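Engineer: There's a structure below that I have some questions on.
Protein chains in written order, with my numbering: chain A, 783 to 932; chain B, 783 to 932; chain C, 783 to 932; chain D, 783 to 932; chain E, 783 to 932; chain F, 783 to 932.
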């Protein structure tokens, strides 16, 4: 009961704030930020695989590639969460009822890209970001072509 | 159709990854991290109000307090999102069907704390974190008392 | 004489390294990263102007906008310098003999965007990035359309 | 003689500043921040040991765990030093005459946790933080129970 | 009694670790890092004063200067604490019995430089760093002249 | 034609901004910042070599050393680029016509230090920084002796 009351209060403030924010000038968002980071994480995954068996690979190179993969997958997650928490608003949720799940799964794919040397996870993350790219630009009423840099 | 196929594929990988992760050793999570940052943001909000009218307040102090409020509210958001993306798993969602909304609203409250000098937003953020503290420890089957440092 | 010898030695190593790097797998670069940050800095410049006279503007909002402008202009500079130091190679310099000057001026425009609330500087930075976008994709032999997110 | 004069001058300013600060509103401090980071570093130490011999362990996982241990031990050090430099004041030093040594040793334990895969160092760091937790809350006149998240 | 036992245990591990570290190769330390950051904080303090009354100063410039002062004073503190926790060892403490106090006071001066627009604090911080410069190079048995960049 | 017009416009604004900046108070620059980071990267390169064959070296130590080398080489690059983009001005370029190349090569040497375990690259980076140290202090009309901390 108490918890319910808190939840309602929180939801109310959050929504009000968002509405107020909407009345002001709009921010600059572009899913390309997440896509570039995810591409880099995918590229590092492929490069680690290309090094062959880890024990015979150059250890300096192997260690650096794992570290860059980690950073870029983390950056992709951060960029995705900025879209989710800052850009998307209650009215978008009505239109895309699985929006929360899409972002939750995309964030978990970022973790999967970190945890393994896993091309499937990295490719699925790219697909998740393409999906979010399409939703984002649809909400803006603009037709921006998706592309990858590599 | 294509979008649906992508969504399913992504969801599948993410869930699989999560399950695999579950089989491994557990991480260290504690909602206290988010609570401490939110307390600091609340404290800075109160201190800015205590400075009185901005134009006659010490500008060095005023500027620093706004900047610290920004950083701490941002840190609270990051800590909350770590819990949401890394700790919570599909089985928790079955138990707490509004989990996504709770985190989304809490994240938006962090933004509200940044955007204004707004005691209501800061207090609601504290309440949101207490709520998440209770859920988190319930999923761990432990009874950890909530407290604030100030 | 000694200085000359040092310079030659350094130039030689750097070029060798770069060549070696060329033989390996290519990195992921996209001038869109710099463009998004510069757009955000331009947007913040406009929003600060829209606040009207600073002394009567909301001090929390004014301070935050200056701080976000600073961060985004800095990020734009970082992203530009990654292209200059990591992507571009001696052979590109033969083709674009003023490449160094272009990046130096673009970096100095990032500083100008920080130092003032200066729409001209912010717009010129956008133009400089569009110019670099065109050069970059020309060196890749691809035709990627330039666009802005806002 | 000159050095002595400098030292006195510095000590005087620092103490004055601190006293002035004391007259103002209090900050938010909680040794839980250091404890959570130290727990994570201890957990990573154990997980690295659980991987077995490094040469036959998965290199991506091994590298990530070392890196996370490094970051968390560093964060624990930062959080401890914030308490030492910002919270504790000359009057506390009168009460706890070995306060400087406690923090110096705790900081050096953070380094030890980084340098090796050393359960003793990690456990001793946890004990050092429990000790500081008790001192901190004693100076606040509050009885806050110590707990670990894992 | 229990607390005493913990303290001894911690002190022992920390000292052992440090000794072990001493057997290995030495790190690169130079108090110049702290001096450069403190010089920048002093310079920003002077520039803020030169702006005249805050309410009639350019708000973009004033805000940026306060923010740069904050960052540089923080960096000076970090650089000082690296020397204290990583470079200095128990044998140095025997020679400089007030070493802990010197660093504690220097760190508190960094905070004072942040909290105010205070030329005395900034100049005292510079003097504290010159003092540490002299101690540091004496322990290395080298005679390195102190200088300031501005 | 259009591109030329843009270039001229950009160059004009950048130069104007720089001149305006010159009228104001000067910043604090010291090539010692880049030198200290480069020394650390050189030291880590040597320590990695001293560990002997990577496969039989302690993996925790090896991984940490590669990571510290990466960070320090990156920091050296950042410090060099601050000098290039913020301190040096068009009038210096007239005096040192190869200034752009010097910084470009020095930045590429930082990358080479990251990419390999390469004593030549690390030593050449040190030589490049000594060269820049000499140019920098010559433009300031001061005679500051170059030294290394180790």
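Yeah, the Cβ is synthetic: ideal placement off N, Cα and C, and Gly gets one too.
Owing to the predicted nature of the structure, the values given are computational and were not obtained by experimental measurement.
Taking one C-beta from the stretch 836-852 of chain A and one from the stretch 825-837 of chain C each time, how about it: are there three or more such pairs within less than 8 angstroms?
Structural biologist: no
Engineer: Classify residue 913 (chain D): buried if its beta carbon has 16 or more other beta carbons within 10 angstroms, exposed otherwise.
Structural biologist: buried
Engineer: Would residue 879 (chain C) be called buried (16 or more neighbouring beta carbons within 10 Å of its own) or exposed?
Structural biologist: In the assembly as shown, residue 879 (chain C) is an exposed residue. Its beta-carbon has fewer than 16 other beta-carbons within 10 Å.
Engineer: Pull out every residue of the stretch 851-872 of chain F whose Cβ sits closer than 7 angstroms to any Cβ of chain E, in chain order.
Structural biologist: none
Engineer: Strictly under 8 angstroms for the Cβ-Cβ distance: is residue 876 (chain B) near chain C by that measure?
Structural biologist: no
Engineer: Quick one, which of D:897, D:823, D:896, D:870 has its alpha-carbon nearest residue 884 (chain D)'s?
Structural biologist: D:870
Engineer: So with CB distances below 7 angstroms, who are the chain F contacts of residue 845 (chain D)?
Structural biologist: 845
Engineer: Return yes when the Cβ of residue 896 (chain F) is within less than 8 angstroms of the Cβ of residue 861 (chain F), no when it is not.
Structural biologist: no
Engineer: Spell out whether any CB of chain A is found under 8 angstroms from the CB atom of residue 821 (chain F).
Structural biologist: Not an interface residue.
Engineer: Using DSSP with H/G/I as helix, E/B as strand and the rest coil, what is residue 847 (chain D)?
Structural biologist: helix
Engineer: By alpha-carbon positions, which one of F:928, F:822, F:908, F:837 ends up nearest to residue 891 (chain F)?
Structural biologist: F:908
Engineer: Contact criterion: CB-CB distance below 8 angstroms. Does residue 889 (chain C) meet it with respect to chain F?
Structural biologist: Cβ-Cβ to chain F under 8 angstroms: yes for residue 889 (chain C).
Engineer: Throw me the rounded Cβ distance for the residue 828 (chain C) and residue 901 (chain C) pair, which I believe falls under 8 angstroms.
Structural biologist: 7 angstroms
Engineer: Residue 895 (chain B) versus chain D: which residues are under 7 angstroms apart at the beta carbon?
Structural biologist: Here the premise fails: no neighbours, minimum Cβ distance about 14 angstroms.
Engineer: Compare the beta carbon distance of residue 819 (chain E) and residue 854 (chain E) with 8 angstroms and say whether it is the shorter of the two.
Structural biologist: Contact: yes.
Engineer: Could you spell out where the alpha helix (DSSP H) holding residue 884 (chain D) opens and where it closes?
Structural biologist: 881-897
Engineer: Here's the rule: buried if 16 or more other CB atoms are within 10 angstroms of the residue's CB, otherwise exposed. What is residue 844 (chain B)?
Structural biologist: Buried is the call here.
Engineer: Identify, in the order they occur along the chain, each residue of the same chain with its Cβ nearer than 6 angstroms to the Cβ of residue 877 (chain E), setting aside the five sequence neighbours on each side.
Structural biologist: none
Engineer: Which term fits residue 825 (chain F), buried or exposed, when burial requires 16 or more other beta carbons within 10 angstroms of its beta carbon?
Structural biologist: buried
Engineer: Report the CB separation of residue 932 (chain A) from residue 893 (chain B) in whole angstroms; it is logged as a contact under 8 angstroms.
Structural biologist: Rounded, the Cβ-Cβ distance is 33 angstroms, inconsistent with contact.
Engineer: Helix, strand or coil, according to DSSP, for residue 924 (chain A) in the structure here?
Structural biologist: coil
Engineer: Output the distance between the C-alpha atoms of residue 924 (chain B) and residue 887 (chain D), rounded to the nearest integer angstrom.
Structural biologist: Distance from the CA of residue 924 (chain B) to the CA of residue 887 (chain D), rounded to the nearest whole angstrom, comes to 32 angstroms.
Engineer: Given a cut-off of 8 angstroms, decide if residue 929 (chain A) and residue 865 (chain A) are closer than it, judged by their beta-carbon atoms.
Structural biologist: no
Engineer: List the residues of chain E whose Cβ lies closer than 7 angstroms to the Cβ of residue 931 (chain F), in chain order.
Structural biologist: 810, 811, 812
Engineer: Helix, strand or coil for residue 813 (chain B)? Go by DSSP, reduced to three states.
Structural biologist: coil
Engineer: How far does the alpha helix (DSSP H) with residue 837 (chain E) in it extend, from its first residue to its last?
Structural biologist: Per DSSP, residue 837 (chain E) belongs to no alpha helix (DSSP H) and is neither H nor E.
Engineer: For residue 926 (chain B), which residues in chain D fall below 8 angstroms Cβ to Cβ?
Structural biologist: 929
Engineer: Tell me the rounded alpha-carbon separation between residue 804 (chain E) and residue 873 (chain E).
Structural biologist: A caution first: residue 804 (chain E) carries a pLDDT of 36, below 50, which makes its placement in the model too unreliable to give a value.
Engineer: Taking Cβ positions only, does residue 818 (chain D) come closer than 8 angstroms to chain B?
Structural biologist: yes
Engineer: What does a CB cutoff of less than 6 angstroms around residue 915 (chain F) pick up in its chain, not counting 5 residues either side in sequence?
Structural biologist: 813, 928
Engineer: Mapping DSSP to helix, strand and coil, what is residue 871 (chain E)?
Structural biologist: coil
Engineer: According to DSSP, simplified to helix, strand and coil, what is residue 806 (chain D)?
Structural biologist: For residue 806 (chain D), the predicted structure reports a pLDDT of 37, less than 50, and the residue's modelled location is therefore unreliable. A value from the coordinates is still provided. The answer is coil: DSSP assigns residue 806 (chain D) none of H, G, I, E or B.
Engineer: Pick from B:823, B:822, B:904, B:810: whose alpha carbon is nearest that of residue 822 (chain D)?
Structural biologist: B:810
Engineer: Any idea what DSSP makes of residue 932 (chain B), helix, strand or coil?
Structural biologist: coil
Engineer: In chain C, which residues lie less than 7 angstroms from residue 836 (chain B) when you measure between Cβ atoms?
Structural biologist: 841
Engineer: Between residue 736 (chain E) and chain D, is there a C-beta pair that is closer than 8 angstroms?
Structural biologist: For chain E, the structure presents residues 783 to 932; residue 736 (chain E) sits outside this window and is missing.
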